[in-house]
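There are 2 protein chains.
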Amino acid sequence: MEGDPTLRLRIFDLNCWAIRYLSKRRQERVQLIGDTLHREGFDLVLLQEVWSEQDYSDLKARLGSCYPFSHYFRSGVIGSGLCVFSRFPILDTLLYQYSLNGYPYMLQHGDWFCGKSVGLPLIGTGAGMGSQMLCPPCQLHAEYSREKDAYLPHRLVQAWELAQFIRHTSKAADVVLLGGDLNMHPEDVGIRLLRGWTGLRDAFAEATRFEGCEDGCTLIPNNCFTVKSELLPFPLGIRIDYILYKAVSRFTVKCEELKTTTGTAPGMDFPFSDHEAVMATLRIQRQDKAAGANLGTTEPALVDVVTEARAEVAVGLRAAQRQRYSSGRMAVLALLLLLLQAAAALGTLAGLAAGQPFPKLSFSLLAFLAIGVLLLATGLHLFHSIEVKMLQGTEEQLRMALRALQERP
Amino acid sequence: MEGDPTLRLRIFDLNCWAIRYLSKRRQERVQLIGDTLHREGFDLVLLQEVWSEQDYSDLKARLGSCYPFSHYFRSGVIGSGLCVFSRFPILDTLLYQYSLNGYPYMLQHGDWFCGKSVGLPLIGTGAGMGSQMLCPPCQLHAEYSREKDAYLPHRLVQAWELAQFIRHTSKAADVVLLGGDLNMHPEDVGIRLLRGWTGLRDAFAEATRFEGCEDGCTLIPNNCFTVKSELLPFPLGIRIDYILYKAVSRFTVKCEELKTTTGTAPGMDFPFSDHEAVMATLRIQRQDKAAGANLGTTEPALVDVVTEARAEVAVGLRAAQRQRYSSGRMAVLALLLLLLQAAAALGTLAGLAAGQPFPKLSFSLLAFLAIGVLLLATGLHLFHSIEVKMLQGTEEQLRMALRALQERP
């Protein structure tokens with residue numbers, strides 16, 4: 008951006024839903040994504056749920072000529088699923104893993120195994136690399152039930168950590184672009200917290216021109232891969248994939264155009280993914296005087312948002328404390344049973360009891376059961392102890408934020 | 008610092024070794040630490056290994072009048088052990104947990120349970136909060152054997168993540184102060200990497216005046232709580248606790264004085280901890296022209312350091328891959344055994360085998376054993392898969408850093 012004061016930046020964001028052996032028509036779709044990206048020549052591509060490194064390598068091989076720079080963020084058992092392709096050099100990267108991410112025993116949801124994170128590529132743009140952009144792709148914990156959302160406190164902790172991470176790292180850049188599947192509706196407390204606390208602006212709300220699904224929805228009943236029953240309460244679909252942005256200093260950012268796909272990939276009869284792709288054209292312009300850092304929401308409104316988030320985290324904290332208590336009690340009971348059995352066995356050995364009081368088989372089965380329960384309950388107790396610690400930590404940080412907001416003149 | 012261009016800052020750093028039920032004379036020592044801090048009136052106190060929140064609360068109650076601002080960083084099962092007391096307001100905090108931190112099954116070392124992290128308090132100093140300081144207290148994975156240091160790759164990953172974290176967040180501040188037990192000798196590759204990549208300077212090397220243990224050692228045979236046998240190869244002791252600093256912009260920092268305790272607390276016959284306390288007096292001065300960001304080591308030397316670190320991480324990666332493979336093989340074998348037993352049991356039920364081929368007791372014991380091994384080996388396999396992912400990620404980041412260094416004009 009040195010020299011030329013304006014940069015028009017075209018961004019592509021997609022949750023690719025590329026789970027090996029599980030996602031339908033995965034290979035075909037990944038190839039289609041690669042072809043489209045190659046043809047369209049975006050400046051920056053932020054992808055989520057590319058769970059297999061092989062898919063990333065295939066995309067990289069296909070896109071090497073038009074996106075010379077790329078990065079895959081590794082984390083968790085399976086990976087973070089996040090990757091970025093860029094026409095501009097990636098100067099540096101950093102990965103921040105959220106401290107809470109669901110429960111390891113909820114195998115059917117699987118979020119815990121993914122190591123959900125926010126990746127932080129620092130990208131240099133334009134001649135002489137006059138400006139630097141932070142372009143984190145990110146994904147938050149999925150919402151499996153809107154009515155009884157057991158993961159809301161975890162998602163709020165993630166939204167808060169994401170907001171804090173962006174606040175603390177964004178000074179290293181001139182422009183921050185956040186793209187990803189946030190798994191939150193636009194009016195949810197998590198997204199209001201993230202936007203309010205960081206000052207990030209929503210490309211959909213700010214776009215001069217919009218083309219795509221009604222209300223900007225990115226999970227729609229029209230898409231052949233979505234689960235229709237989950238979308239029953241939302242006949243138009245829901246908007247959970249976002250492109251958010253802000254200028255940090257000396258620059259202004261404006262969203263000229265925002266587009267989404269509408270249930271099929273352009274010119275095809277099937278979609279890229281179960282999510283719609285979001286494509287934005289941003290105009291980044293240098294200005295002479297530095298813009299002051301500001302929050303995204305007026306302060307009284309932000310106080311309300313932080314208070315609401317804190318109340319939700321407190322609800323999660325109480326649930327985690329209950330689970331920690333009951334797993335601890337279970338472990339103690341299993342230990343007592345084991346001790347009792349040991350005492351009975353010793354008694355028999357010492358000849359205190361007449362004859363053989365228990366059949367050997369059920370006696371050992373019971374002992375093994377007790378050991379199993381002890382191990383499992385101890386593991387759960389440790390896990391919920393961590394959960395309690397992290398929820399307490401977040402609650403305290405939110406309290407600090409609230410105090411800082413209220414003390415501001 | 009608005010108005011007055013110079014700030015003299017007195018910092019106290021200590022690894023408190025305050026483990027409930029395990030550390031000797033803990034309560035007495037915590038009280039002594041509180042009394043000393045109260046009497047001496049430092050500006051900033053960075054403590055590690057305050058494992059019990061009760062100890063933190065006691066310190067907070069004792070120190071509230073002279074250090075009105077404090078924060079305890081929560082993470083892991085037990086906690087991060089990190090806390091900070093400050094005469095200046097703590098404006099914001101962020102916690103970064105290292106992605107690797109030892110092994111959960113190494114119970115005797117226990118690092119895994121601590122959730123080792125770097126805390127990030129942003130502190131505003133002086134009238135009108137003219138400047139902001141990042142003052143992370145931190146602790147890296149312990150070294151249990153210098154000859155056969157199995158944790159070196161983990162500690163290197165942590166040192167790299169710490170360096171990256173500081174690089175990415177330090178632009179939000181004018182001065183960065185890092186205090187803590189880094190568990191590395193001054194010439195170790197991890198500390199050279201951290202200092203080289205961030206530009207942090209070592210208060211011991213830079214101090215105009217020094218007073219304390221020879222060579223600035225902080226783990227010395229003279230201290231009645233240290234394990235003498237571990238220090239046999241180092242008759243003077245070792246230096247593993249540091250205060251590092253740098254000015255980010257518009258400021259200069261100079262270390263006027265550095266002190267360590269020398270085996271006993273001042274005026275007492277026993278020490279604060281098994282580590283010596285490190286106390287620095289820094290002079291922070293505003294200057295008119297902004298200082299450019301620079302690396303701490305000349306670039307050719309830094310290339311060597313990054314190359315060396317990358318080689319060590321690669322060694323760790325191969326070891327982790329071997330462990331992932333052998334735990335996976337063990338899980339498969341246990342599964343095969345279970346399947347075999349199931350087939351045999353079904354065969355017996357179907358009357359294929361004549362009579363009872365196995366005694367019931369040993370048959371079920373074997374089945375339970377196989378289930379136990381299967382669960383354990385699967386858990387290990389998952390754990391080592393994460394380890395492999397994170398080591399690969401760090402290796403790739405180091406490769407990127409190397410390329411960036413080599414491409415620089």
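Quick note, the sequences are listed as chains A and B, same order. Throughout, the numbering used here is defined as the position within the first sequence, counted from one, plus 7. Throughout, the numbering used here is defined as the position within the second sequence, counted from one, plus 7. The C-beta atom is built at its ideal place from N, Cα and C for all residues, glycine as well.
(request) Rank B:Cys73, B:Gly41, B:Phe76 and B:Arg46 by C-alpha distance to the C-alpha of Asp62 of chain B and give the top, closest one. (result) Minimum Cα distance to Asp62 of chain B is reached at B:Gly41.
(message) For Asp99 of chain A and Gly379 of chain B, what's the separation of their Cα atoms in angstroms?
(response) 44 Å
(message) Just to confirm the assignment: which complete beta strand (DSSP E) runs, minimum length 3, are found wholly within the region 163-223 of chain B?
(response) Within the region 163-223 of chain B, the complete beta strand (DSSP E) segments at least 3 residues long are 182-188 and 216-218, listed from N- to C-terminus.
(request) Output, in sequence order along the chain, the residues in the region 88-118 of chain A whose CB is closer than 8 Å to any CB in chain B. (result) Ile97, Leu98, Asp99, Thr100, Leu101, Leu102, Tyr103, Gln104 and Ser106
(request) Would you mind stating whether Ser77 of chain B and Phe95 of chain B have Cβ atoms separated by less than 8 Å? (result) no
(request) Could you tell me the boundaries of the alpha helix (DSSP H) in which His45 of chain A lies? (result) In the DSSP assignment, His45 of chain A falls within the alpha helix (DSSP H) that extends over Arg33 to Glu47.
(request) Determine, using beta-carbon pairs with one atom in the region 240-255 of chain B and one in the region 278-296 of chain B, whether at least three such pairs fall under 8 Å. (result) yes
(message) Counting only C-beta atoms, is Gly400 of chain A closer than 8 Å to chain B at any point?
(response) yes
(message) Taking its Cβ as the centre, do 16 or more other Cβ atoms sit within 10 Å of Leu70 of chain B, making it buried, or is it exposed?
(response) Buried, since its Cβ has 16 or more Cβ neighbours within 10 Å.
(request) Report the residue ranges of all alpha helix (DSSP H) runs contained in full by the region 255-299 of chain A; include only those spanning at least 4 residues, in chain order. (result) Entirely contained in the region 255-299 of chain A, not one alpha helix (DSSP H) run reaches 4 residues.
(message) So Phe258 of chain A contacts chain B; which residues on that side make the cut at Cβ distance below 7 Å?
(response) Per Cβ cutoff of 7 Å: no residues; Phe258 of chain A is ~15 Å from chain B at best.
(request) Could you please give the first and the last residue of the uninterrupted beta strand (DSSP E) stretch that includes Val319 of chain B? (result) Strictly speaking, residue 319 of chain B in this sequence is Glu, with Val absent from that position. For Glu319 of chain B, no beta strand (DSSP E) run applies; the uninterrupted alpha helix (DSSP H) run containing it begins and ends at Glu306 to Leu356, by DSSP.
(message) Using CA atoms only, rank isn't needed, just tell me which of A:Leu343, A:Ser280, A:Leu382 and A:Val395 is closest to Asn22 of chain A.
(response) A:Ser280
(request) Could you say which of B:Ala210, B:Ala374 and B:Ala326 lies nearest to Leu345 of chain B if we only look at CA atoms? (result) B:Ala374
(message) Between which two residues does the alpha helix (DSSP H) holding Tyr63 of chain B run?
(response) Glu60 to Leu70
(message) Against chain B, which members of the region 169-197 of chain A pass a CB distance test of less than 9 Å?
(response) Gln171, Phe172, Arg174, His175, Thr176, Ser177, Lys178, Ala179 and Ala180
(request) Apply the 10 Å Cβ neighbour rule to Gln34 of chain B and answer buried if 16 or more other Cβ atoms are within range, or exposed otherwise. (result) exposed
(request) Could you tell me whether the Cβ atoms of Leu398 of chain A and Val313 of chain A are closer together than 8 Å? (result) For Leu398 of chain A and Val313 of chain A, no; Cβs fall outside 8 Å.
(message) Any beta carbon of chain B sitting closer than 8 Å to that of Ala357 of chain A?
(response) no
(request) Measure the Cβ-Cβ separation of Ser124 of chain A and Phe80 of chain A and say whether it is below 8 Å. (result) In this structure, Ser124 of chain A lies near Phe80 of chain A, with their beta-carbon atoms less than 8 Å apart.
(message) Is the separation between the beta-carbon of Arg17 of chain A and that of Thr288 of chain A shorter than 8 Å?
(response) yes
(message) Here's the rule: buried if 16 or more other CB atoms are within 10 angstroms of the residue's CB, otherwise exposed. What is Gly206 of chain B?
(response) buried
(request) From the DSSP output, in three-state form, read off Phe232 of chain B for me. (result) coil
(request) Could you pull the start and end residues of the beta strand (DSSP E) that Thr13 of chain A belongs to? (result) Thr13 to Ala25
(request) Report the rounded CA-to-CA distance for Glu60 of chain B versus Val52 of chain B, giving the unit in angstroms. (result) If you draw a straight line from the Cα of Glu60 of chain B to the Cα of Val52 of chain B, it is about 17 Å long.
(message) Does any residue of chain B have a CB that is nearer than 8 Å to the CB of Phe375 of chain A?
(response) Using a CB distance cut-off of 8 Å, Phe375 of chain A counts as an interface residue toward chain B.
(request) Answer with buried or exposed for Ser106 of chain B, where buried requires no fewer than 16 other C-beta atoms within 10 angstroms of its C-beta. (result) buried
(message) List, in chain order, every chain A residue whose beta-carbon is nearer than 9 Å to that of Gly86 of chain B.
(response) Chain order gives the chain A residues near Gly86 of chain B as Lys396, where near means a beta carbon separation below 9 Å.
(message) Quick check on Gln55 of chain A: buried or exposed, where buried means 16 or more other Cβ atoms within 10 Å of its Cβ?
(response) buried
(message) So, at 7 Å on beta carbons, what are the nonlocal neighbours of Gly48 of chain B in its own chain, with the 5 sequence-adjacent residues on each side left out?
(response) Cys73
(request) Identify whether Lys155 of chain B lies in helix, strand or coil by the three-state DSSP scheme. (result) Assigned with DSSP and collapsed to three states, Lys155 of chain B falls in coil, not helix or strand.
(message) By the DSSP assignment, the alpha helix (DSSP H) with Thr100 of chain B in it spans what residues?
(response) Careful: Thr100 of chain B lies outside any alpha helix (DSSP H), inside the beta strand (DSSP E) at Ile97 to Gln104.
(request) Could you tell me whether any Cβ in chain A is nearer than 8 Å to the Cβ of Gly244 of chain B? (result) no
(message) Taking 8 Å as the threshold (beta carbon to beta carbon), is Arg17 of chain A in contact with chain B?
(response) no
(message) If I measure Cβ to Cβ from Thr385 of chain A and keep anything under 7 Å in the same chain, skipping five residues before and after, which residues do I get?
(response) Ala338
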